[in-house]
Amino acid sequence: MTTASTDTATGATGGTDILAVAREQVLERGEGLSEAQVLEVLRLPAERLTEALALAHEVRMRWCGPDVEVEGIVSLKTGGCPEDCHFCSQSGLFDSPVRAAWLDKDRLVEAAKQTAKTGATEFCIVAAVRGPDEKLMEQIRVGVAAIRAEVDINVACSLGMLTQDQVDRLAAMGVHRYNHNLETARSHFPEVVTTHTWEERWETLQMVRAAGMEVCCGGIVGMGETLEQRAEFAVQLAELEPDEVPMNFLIPNPGTPFAHLEVPQGPDALMTIAAFRLAMPKTVLRFAGGRELTLGDFGAEQGMLGGINAIIVGNYLTNLGRPAEQDLEMLDTLKMPIKALNDTL
Numbered sequence: 001m002t003t004a005s006t007d008t009a010t011g012a013t014g015g016t017d018i019l020a021v022a023r024e025q026v027l028e029r030g031e032g033l034s035e036a037q038v039l040e041v042l043r044l045p046a047e048r049l050t051e052a053l054a055l056a057h058e059v060r061m062r063w064c065g066p067d068v069e070v071e072g073i074v075s076l077k078t079g080g081c082p083e084d085c086h087f088c089s090q091s092g093l094f095d096s097p098v099r100a101a102w103l104d105k106d107r108l109v110e111a112a113k114q115t116a117k118t119g120a121t122e123f124c125i126v127a128a129v130r131g132p133d134e135k136l137m138e139q140i141r142v143g144v145a146a147i148r149a150e151v152d153i154n155v156a157c158s159l160g161m162l163t164q165d166q167v168d169r170l171a172a173m174g175v176h177r178y179n180h181n182l183e184t185a186r187s188h189f190p191e192v193v194t195t196h197t198w199e200e201r202w203e204t205l206q207m208v209r210a211a212g213m214e215v216c217c218g219g220i221v222g223m224g225e226t227l228e229q230r231a232e233f234a235v236q237l238a239e240l241e242p243d244e245v246p247m248n249f250l251i252p253n254p255g256t257p258f259a260h261l262e263v264p265q266g267p268d269a270l271m272t273i274a275a276f277r278l279a280m281p282k283t284v285l286r287f288a289g290g291r292e293l294t295l296g297d298f299g300a301e302q303g304m305l306g307g308i309n310a311i312i313v314g315n316y317l318t319n320l321g322r323p324a325e326q327d328l329e330m331l332d333t334l335k336m337p338i339k340a341l342n343d344t345l
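The sequence shown begins at 1 in UniProt numbering and counts up by one.
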């Protein structure tokens, strides 16, 4: 077994091959890579991508097992958001084609039923807001109660930044998991959002954790960040210890400030997946938005064999995804079992 002398100040591997170090540190001991080590992985040449993905898959199998968690999402309130997240077509500050719309309770329950039919264990209700007002909190209360009464599925929410009272109320409703993405590294965040801070998001996540709900927190790859910032983001997520990390890849939505950015390239995205798995060996790492454009069908399979162990099926919020049946067929081809609901309760 290969070992390495690690510089405790920098986390550098002292010249020893980073994947050899990762095999001993992450695969054998379950200890995630440091920021400097993640950066080494991200800088590996393209010809080592297959090797990196294979190791990430071994880590996933060792520390998470073979099961894949399937989730569906639905937008309760779409568009008209007052925030200026530069990637998002739902901001009311940008000239995008998305307009404000609400989903009623009956359609919410029907969406949950359709999601459950795919074998999904998680159904996430999303609203495009800075944070929920009293009207939205009441709609969530009614919607969660209706879903829990009729559908055998865990209910998650993504409603922006929360107060302590709102966190406590969501926990009391039986919300299983709360999603609030940090989106990018702390150092890059001001280039992505200016109407609120990275720290505000972090505070909401800490309250969610303390209230006993599971924490879902990830971000978007390809928003102009450097490799150094990508490594920074990976270890900041690891510090948060989220139960789930959604891996999104930028979709340059028309009308947004990031419309001019290029879609991330497949090999770059796959190396990022491997690096994030090696930074967070025991976390649910979920394929989310943008994978269709960035990776296509073959790349999606590579990602599932390169550290990913969860997937959103169907459409996203304002962007089309692959048909759920296509992803379920992929999992069947790869002989990856879908995680059962009773295993998550």
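Quick reminder that beta carbons are idealized off the backbone N, C-alpha and C, glycines included.
Small disclaimer: the values here were computed from a predicted structure and weren't measured.
Top-ranked residue by Cα proximity to residue i, from the options
i, options, result
"L159", "R148, A145, I147 and E134", "E134"
"E138", "G224, V245, A156 and M173", "M173"
"K339", "F87, A116 and G296", "A116"
"A128", "N181, A274 and D327", "N181"
"Q90", "D104, V208 and S75", "S75"
"R209", "R186, L162 and S187", "L162"
"L328", "L53, A56, V68 and R60", "V68"
"A238", "I308, E301 and M280", "M280"
"V109", "G306, K335 and A145", "A145"
"T333", "G307, I312 and A300", "A300"
"D168", "I18, Q206 and Q302", "Q206"
"A288", "I220, F298 and L305", "I220"
"N248", "G255, L136, C217 and M61", "C217"
"D104", "L250, A120 and I147", "I147"
"M61", "M330, P323 and T283", "T283"
"F258", "G65, H196, L49 and C88", "C88"
"A211", "Q166, R186 and R130", "Q166"
"L250", "V235, M330, D268 and A120", "D268"
"S187", "E122, L136 and R230", "R230"
"Q265", "R286, G290 and L305", "G290"
"E183", "H176, L278 and E191", "E191"
"L39", "V235, A156 and E58", "V235"
Residue(s) in a DSSP beta bridge with residue i
i, result
"P246", "R286"
"A145", "Answer by DSSP bridge pairing: none, since A145 is not bridged."
"R130", "Paired residues: none, contrary to the question."
"E301", "Note: E301 sits in no beta bridge, so no partner."
"E71", "E122 and I312"
"N253", "None, per the DSSP bridge assignment."
"S91", "C81"
Helix, strand or coil at residue i according to DSSP, with G and I counted as helix
i, result
"I308", "coil"
"K339", "coil"
"L103", "coil"
"V221", "strand"
"T78", "strand"
"R239", "The residue asked about is misnamed: residue 239 is Glu in this sequence, not Arg. Correct three-state label for E239: helix."
"I153", "coil"
"R186", "coil"
"R230", "helix"
"R177", "strand"
"A4", "Residue confidence is low: A4 scores 37 on pLDDT, short of 50, so the model does not pin down where it sits. No coordinate-derived value is stated."
"L320", "Unreliable placement is indicated for L320, whose pLDDT of 48 sits below 50; the coordinate value is still reported in the next sentence. In the structure shown, L320 sits in coil (DSSP, three-state: anything other than H, G, I, E or B)."
"V98", "Legend: pLDDT at V98 = 45, less than 50; position of this residue unreliable, value from coordinates given subsequently. DSSP places V98 in coil when its eight states are reduced to three."
"K113", "helix"
Any non-hydrogen atom of the ligand FMN within 6 Å of residue i CB
i, result
"E58", "Absent from the structure shown: the ligand FMN. Ligands present: none."
Start and end residues, beta strand (DSSP E) containing residue i
i, result
"E122", "E122 to A127"
"V215", "E214 to C216"
Segment limits, alpha helix (DSSP H) that includes residue i
i, result
"R169", "Q164 to M173"
"R277", "G266 to A279"
"T333", "A324 to T333"
"T50", "L49 to W63"
"T204", "W198 to A210"
"L261", "Per DSSP, L261 belongs to no alpha helix (DSSP H) and is neither H nor E."
"V41", "E35 to L42"
"A22", "I18 to A22"
Residue-chain proximity (residue i, chain C), Cβ-Cβ < 7 Å
i, result
"R169", "No chain C is part of this structure, which consists of one protein chain only."
(request) Decide if the stretch 219-230 is in contact with the stretch 19-26; the criterion is three or more beta carbon pairs, one per stretch, under 8 Å apart. (result) Result no; under three Cβ-Cβ pairs closer than 8 Å.
(message) Does the structure place the stretch 200-211 close enough to the stretch 150-157 that three or more beta carbon pairs sit under 8 Å?
(response) Verdict: no, contact absent.
(message) When you compare the stretch 28-42 with the stretch 69-88, are there three or more beta-carbon pairs, one atom per stretch, that lie closer than 8 Å?
(response) No: fewer than three Cβ pairs fall under 8 Å.
(request) Indicate whether the contact test is met: 3 or more Cβ pairs, each with one atom in the stretch 264-274 and one in the stretch 236-246, closer than 8 Å. (result) Inter-segment contact for the stretch 264-274 and the stretch 236-246 is absent: fewer than three beta-carbon pairs are separated by less than 8 Å.
(message) Three Cβ pairs or more, each shorter than 8 Å: is that satisfied between the stretch 285-297 and the stretch 33-47?
(response) With contact defined as three or more Cβ pairs closer than 8 Å, the stretch 285-297 and the stretch 33-47 are not in contact.
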